[in-house]
Every structure is written in structure tokens, then in C-alpha cells.
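Structure, rendered in C-alpha cells:
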């Protein structure tokens, strides 16, 4: 009798396992977080709500995977994490010094392991990156401080520890684009000034740290300069002769074609979306093209689509109702990140942390109103300025909202400011500024023109908001609160809706 009871119980448990469907899983292993902050989401995708966060090196139990996401046990409930931001147990045993080297020029460095994923930047032949993990034919790597994916077919692996950052930078140089640029002893504004370099001077690059570049001034002296005041150039005149006579497609109306391969050179022509241009050669992040009159000019890679990239879809017509953002794409840009800390407040607040918190809160409000939201970063990672603009351009964003917190040596200065650069951006800036004025209790410094890269080089309806001064101790204590972020994002959200409502017939 007892044996019969045991067999019956075993059969019941077996049936329960079979018919439980997706509710029962055997654990697939352990993993640890490989980024500073990892969002845990309610479902397998970036569109799902964030239900919590894990910190670097925290461990988790993987239950299963679905649609290239890991399902984990998060504090006794189910959560989902991106697999390219974690190390599984088997992966973590791999040497951290393992590197990959690009074997081709113009290798697409993507946000996720798919040919449909956003292109973050491109690697040149000989560029090195740190290997993280592999998923099928795709490799997850860290390149210039950013995590992304490349197709394994176009890279080779190496574990030679003798290759250092200096070698990775050996084939590039820094050209000064401002009249005079301070050289400092360390990669931050608080470091002592050691020298000055001048416009159009070029120096070899030793290494990089966030937005700072260490240059070789002479045989005896090196120093650090701020990268935004110059241009990084590849020492090769052309990266691949096979690129000659290939074509690229312009993504946005009014795209600048420049006289030199820098964003500060003169604009020789503007072209519209859909126009195709013939490429003569490549120079770092630029294509050299020839105009109809025979003149040589340059166009940035991040404002065009090459033959191996997906074309940006044409905007679709929608019957949007007033008070909603249905059918619109909004890019939300959390300023700074990773090695680029941004401002550090008088009480120790890191700008890069609260810009991300503010961006996530704003994104949730915009999604609730029906918008498709594109986040330029979703964790504490470094994202270059041209990558931020490129994400907006590739998604054909209707608006680009860059979020920052301000600072000044004069600690008495307070208030928020809304910036625009092009006249086409002024109406959105005005609407958001007026709405913010009614939402937050600090001084309104008004709408101003600002020559910021993410505005200047952005064909989208782009604005940049400085949401208060962290350098003022009293204002810092106010603007870092959750209540202030709620009110500020509500004001921005309402201003965006008011602007787009005004465009309806």
C-alpha cells in the first residue's frame, strides 16, 4: 500500500510539472552584474517598467531566457535583465584581459546583438576592445568605455596582456579647434594647468578617460585636454580604399556638409533626407564626398545611412488626439555618465546620477501619454555626444530633451534655464520653459540660445534644460529631492504636450 501511495504522489508531481507551462523552470545558473547599475524590468524588453536595480558584481539566479533576455529571481519575484550586461558563471571565469581586434574598417558597434539595433559608433581596422561575453555569432565588448555588440565574423580575439591603452591610441591624434586650450595635469577641471595649446595644432594621443584625452606635447611633457575642444583624427588618410564609390543616404532635412572633417568647420551645403552621396574615402567619423562642382567636402557618419545599415522608416501619419503623444518619438537624454561625472554639487551630489533618475521619471510620463521614448543611456555609462545625437537621428525623433544640472564658480547663482540653438527649436524650448516655471519653486532664468553639440548638430526639435545649480548648497538640497524631480518632469511633460498640441490643425 505504501508503495502505491508513493507512486501516486510521484505521478501527481510529474503531472504538475508538465502542465505548469512557463510557471516552473529549473534554474539555468548564476550570473553577476557587469555594469555599474542594472535595471530589473517587469518583462523581456526595454519598454517594460523598471521594478528594481542591481549594482555591479551583485549575483542573481537565472530562471530562464526569452527573446534574448534573462528571467531572474529578484527578491522573491520574477524580473528580467539584459544578458549583455551580466556575466554568467561560465563567462566570469574568462580572463578579464581578453581583447578583440577589428579586422575591417567601419565595423558597426551596436546597442544589442541584432542588425536592426542602433549603431552606437564604428570601429576601424586595428581598433581594440575588451571582450565581455558571446551570444551566438555576436560578441559583447567594451569599446572606448561603452558596452555594445559586434558581429564575431569581423573581429579576432587576443589575450596578450602586453597590449595597453597606449597602443590602442597609437594611430590617432588630437587637433585643437579653439584659439587656446588649457592642458592640465589630470583629467578634470580641478587639476593644475600645466601648459596651453593653440588652434590647429595636432598632438598624438596617449590615452583617454571619459571626455578627457591625454596628449604628448613634446618628448618630455604630456597633459590632459578636454576632448570637446578638438577633433580626434586617425593618422591614416583613408581607412579603406574599398569604400570609394560607395553611397550613403542622408537621414534628415537640412543636414550639414562641411569643408573639413570637423563639426566646427564651415558649412558648404545643406542636403535633405533621402539624398544619396558618393563616398570617396573615410576619415575617422566622417565621409569624404565630392560635390557636383568637383569640390571635396565632408559629412558626418552619424547623420547618414550606409548600405549595411537599416534605413530610417518614414514617419507615419497618425490621428493624434490633443493631450496625448501617440505616434510621436521623443528622445530623452540623461546628461553625462560613466567616467564623465558632470557637475559635483557642494554637498557631493553627482550630476550624472540625478540626470538619469530625472530621465527615467520623464520617460515614464511620456510613455504613459503614448510616446515612443528613446533613452540615450539607461545606466551609468559613458555615451559620446555624437552617439546621443545619432540615436535620436536614427529613430527619427520628433523631439530631443537633454537633461542637466548646472554649476558656477559664483555659488550665489540659482535657477533653471532652457536652451535651444536653431530657430526651429525655439518654440519647444519656450513651451517647456513656461510650463516648468509653473511647476518648480526656483528662479526661471528664461529661454536662451546655447551652442551645445547635442543642439547644434541635431536636426531634431532639440532642447537642453539645466534644472538648477548644484553649486548652490541651498538649491542643491531642494533640486536633488524626489519631490523636485516629480514636479520638474511633470512641467517638462506638460510643456511637450502643449507644444505638440499647438501644431495640430
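In our numbering, the protein residues as written are 2 to 506.
Note that the Cβ used here is the ideal one computed from N, Cα and C, for glycine as well.
Once you ignore the five residues that flank residue i on each side, which residues in its own chain have a CB closer than 6 Å to its CB?
| i | result |
| --- | --- |
| residue 342 | 351 and 353 |
| residue 49 | 42 and 43 |
| residue 507 | For residue 507 there is no data in the structure shown, the boundaries of the chain being 2 and 506. |
| residue 136 | 114 |
| residue 434 | 419 and 448 |
| residue 432 | 496, 499 and 500 |
| residue 181 | 197 and 199 |
| residue 503 | none |
| residue 323 | 502 |
| residue 70 | 45 and 81 |
| residue 329 | 372 and 399 |
| residue 27 | Low local confidence applies: a pLDDT of 38 at residue 27 is under 50, so the model's placement there is unreliable, and no value is given. |
| residue 370 | 325 and 326 |
Counting only the same chain and skipping the five closest in sequence on each side, list residues whose C-beta sits under 8 Å from that of residue i.
| i | result |
| --- | --- |
| residue 184 | 194, 195, 196, 197, 198, 216, 218, 224, 225 and 226 |
| residue 359 | 335, 404, 468, 486, 489 and 490 |
| residue 367 | 326, 331, 333, 374, 494 and 497 |
| residue 426 | 456, 462, 463 and 464 |
| residue 79 | 64, 72 and 73 |
Tell me the residue span of the alpha helix (DSSP H) that contains residue i.
| i | result |
| --- | --- |
| residue 496 | 483-503 |
| residue 1 | Any property of residue 1 remains undetermined from this structure, which presents the chain solely from 2 to 506. |
| residue 407 | Note, residue 407: premise wrong, no alpha helix (DSSP H); beta strand (DSSP E) at 400-407. |
| residue 357 | 352-369 |
Output yes or no for whether 8 Å exceeds the beta carbon distance between residue i and residue j.
| i | j | result |
| --- | --- | --- |
| residue 415 | residue 449 | no |
| residue 411 | residue 344 | no |
| residue 268 | residue 259 | yes |
| residue 507 | residue 481 | Because the chain in this structure spans residues 2 to 506, residue 507 falls outside the shown range and cannot be described. |
| residue 34 | residue 101 | no |
| residue 462 | residue 505 | no |
| residue 32 | residue 52 | no |
| residue 477 | residue 339 | no |
| residue 288 | residue 302 | yes |
| residue 452 | residue 422 | yes |
| residue 384 | residue 460 | no |
| residue 473 | residue 413 | yes |
| residue 232 | residue 263 | yes |
Tell me which residue opens and which closes the beta strand (DSSP E) that residue i is part of.
| i | result |
| --- | --- |
| residue 56 | 51-56 |
| residue 216 | 213-217 |
| residue 277 | 277-284 |
| residue 379 | Unbroken run through residue 379: none, as it is neither H nor E. |
| residue 182 | 181-185 |
| residue 100 | 100-103 |
| residue 152 | 147-152 |
| residue 345 | Here residue 345 belongs to no beta strand (DSSP E), and DSSP marks it neither H nor E. |
| residue 30 | 30-34 |
| residue 383 | It is not in any beta strand (DSSP E) - residue 383 carries neither H nor E in the DSSP assignment. |
| residue 79 | 78-82 |
| residue 247 | 247-251 |
| residue 109 | 108-111 |
| residue 176 | 173-177 |
| residue 130 | 129-136 |
| residue 534 | Any property of residue 534 remains undetermined from this structure, which presents the chain solely from 2 to 506. |
| residue 194 | 194-199 |
| residue 259 | 256-259 |
| residue 155 | Careful: residue 155 lies outside any beta strand (DSSP E) and carries neither H nor E. |
| residue 143 | 139-144 |
| residue 40 | 38-42 |
Going by Cα to Cα distance, which pick from the options is closest to residue i?
| i | options | result |
| --- | --- | --- |
| residue 139 | 362, 33 and 113 | 113 |
| residue 255 | 503, 470, 458 and 480 | 458 |
| residue 192 | 213, 175 and 232 | 213 |
| residue 202 | 188, 83, 221 and 230 | 230 |
| residue 247 | 270, 290 and 262 | 290 |
| residue 357 | 400, 301, 365 and 379 | 379 |
| residue 99 | 134, 82, 200 and 75 | 134 |
| residue 443 | 277, 492, 460 and 40 | 492 |
| residue 266 | 176, 471, 370 and 59 | 176 |
| residue 208 | 173, 475 and 364 | 173 |
| residue 348 | 479, 276 and 292 | 479 |
Short of 7 Å in beta carbon distance, which residues of its chain neighbour residue i, apart from the five on each side in sequence? Order them along the chain.
| i | result |
| --- | --- |
| residue 261 | 299 |
| residue 386 | 454 and 455 |
| residue 439 | 492 |
| residue 409 | 470 and 472 |
| residue 142 | 101, 130, 131, 132, 133, 149 and 151 |
| residue 337 | 343, 352, 353 and 356 |
- Item | Contiguous beta strand (DSSP E) assignments of at least 3 residues, all confined to the stretch 394-473 | 400-407, 417-421, 445-450 and 463-470
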